[in-house]
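Under the numbering used here, think of the first position of the sequence shown as 2, with each following residue one higher.
We put the CB at the ideal spot given by N, CA and C, even for glycine.
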Amino acid sequence: MPRASERRDQSQHFGASTLELFFDLVFVFAITQVSHLLLEHLDWRGTLESAMVLLVVWWAWQYTTWATNELDTDRMPVRFLLLVIMMASLLMAVAIPEAFGDKGMLFALSYVFIQVGRQSFLTFTAEPGTVARARGLHIFNWFCFSAIFWIGGALVEGDARIWIWLIALFIDYLGPIVTYYVPWLKKVGTEAWQLSSGHFAERFQLFTIIALGETIVLTGATTSGLEFDLTTALAFVAAFVSTAALWWLYFNYMATILERVLDEAEDRTAI
């Protein structure tokens, strides 16, 4: 079977698969872990650490979403890839509360495995000489470079870990801004990235609805363990109304705007 068969036909319409929805469950748990980390460290340092971890979680989910926009999740190798990444993501999420403590190496190695492993698959399943292979090599080099700082940061403690991981985050987020420029590789522009706006927008919608569902579950579970007095009732109503308002705002306005902007954009990757 040719390697290119792992990729979607971008000329055809396709939606999010059940495997992608299953995959998102791990990242809802990861976001819950980030909120617990912040609640346990309500100070400036805790806020910084929580923000850093959230950016890591977002980048891991975001780039896997880009991958599934390109890869056909009905293909068996792609399914195995997503399940392996899902397991690594769960390990990363488990390590979040102690990411700046005893589980720093587990957190770093899990994240590096997600990014480098997924990008290896994307790169080396693309046909040699194609734009997909060239683009993949650029991104692969950047993630390998940032991996040095993720693992290096896990080897030290305290402020040193924060500073080194900030460098790693800077590298990861700088990459797409400079279109993953690598001096020894031929430059690729934003046109090298293909994007199905419908699938991409749907992935964000599904993730949002799962995250809001988790909020509903937490609201119900917390309320059921309390005496239902006036204070509890007011808190319950406030929590529910806030969640409903977020749903209304996103699905009535933001989701529609996002998909329209992507559809009409000449350069979707830059957006």
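Continuous alpha helix (DSSP H) stretch holding residue i: start and end
i	result
Tyr1	The structure shown does not extend to residue 1, since the chain is modelled only from 2 to 272, so the question has no answer here.
Ile86	Met77 to Ala96
Contacts around residue i, its chain only, beta-carbon distance under 7 Å, and the 5 residues preceding and following it disregarded
i	result
Glu7	Leu72, Asp73, Arg76, Pro78, Val79 and Thr126
Trp248	Leu213
Phe241	Thr220
Tyr251	Thr209
Rounded separation between residue i and residue j - CA only
i	j	result
Ala212	His37	15 Å
Gln63	Ala96	20 Å
Phe229	Met93	37 Å
Leu207	Leu20	12 Å
Thr69	Val85	14 Å
Ala100	Thr124	29 Å
Trp67	Arg134	15 Å
Ile258	Ala246	17 Å
Asn142	Val183	8 Å
Trp45	Glu128	48 Å
Ser111	Phe81	17 Å
Leu231	Leu39	28 Å
Ala234	Tyr174	43 Å
6 Å CB neighbourhood of residue i in its chain, flanking five on each side removed
i	result
Thr216	Thr244
Phe24	Leu83 and Met87
Phe144	Gln116, Val117 and Gln120
Trp224	It is Thr, not Trp, that sits at residue 224 in the sequence shown. Phe237.
Cβ neighbours of residue i in the same chain (closer than 8 Å, five flanking residues each side left out)
i	result
Gly16	Gly199, His200 and Glu203
Residue i: CB within 7 Å of a non-hydrogen atom of the ligand ATP
i	result
Ala96	In the structure on display, the ligand ATP does not appear, and there are no ligands present to speak of.
For residue j and residue i, believed in contact at Cβ under 8 Å, the rounded distance
i	j	result
Phe150	Ile168	5 Å
Ala155	Ala89	Their Cβ separation, rounded to whole angstroms, is 15 Å, which puts Ala155 and Ala89 out of contact at 8 Å.
Could you give the uninterrupted runs of the alpha helix (DSSP H) lying entirely in the segment 115-184, keeping only those of 4 residues or more?
The alpha helix (DSSP H) runs of length 4 or more contained entirely in the segment 115-184 are, from start to end of the chain, 132-155 and 160-178.
Ranges of the alpha helix (DSSP H) found wholly within the segment 19-45, counting only runs of at least 4
For the segment 19-45, the continuous alpha helix (DSSP H) assignments of 4+ residues that do not extend past its boundaries occur at 19-41, in sequence order.
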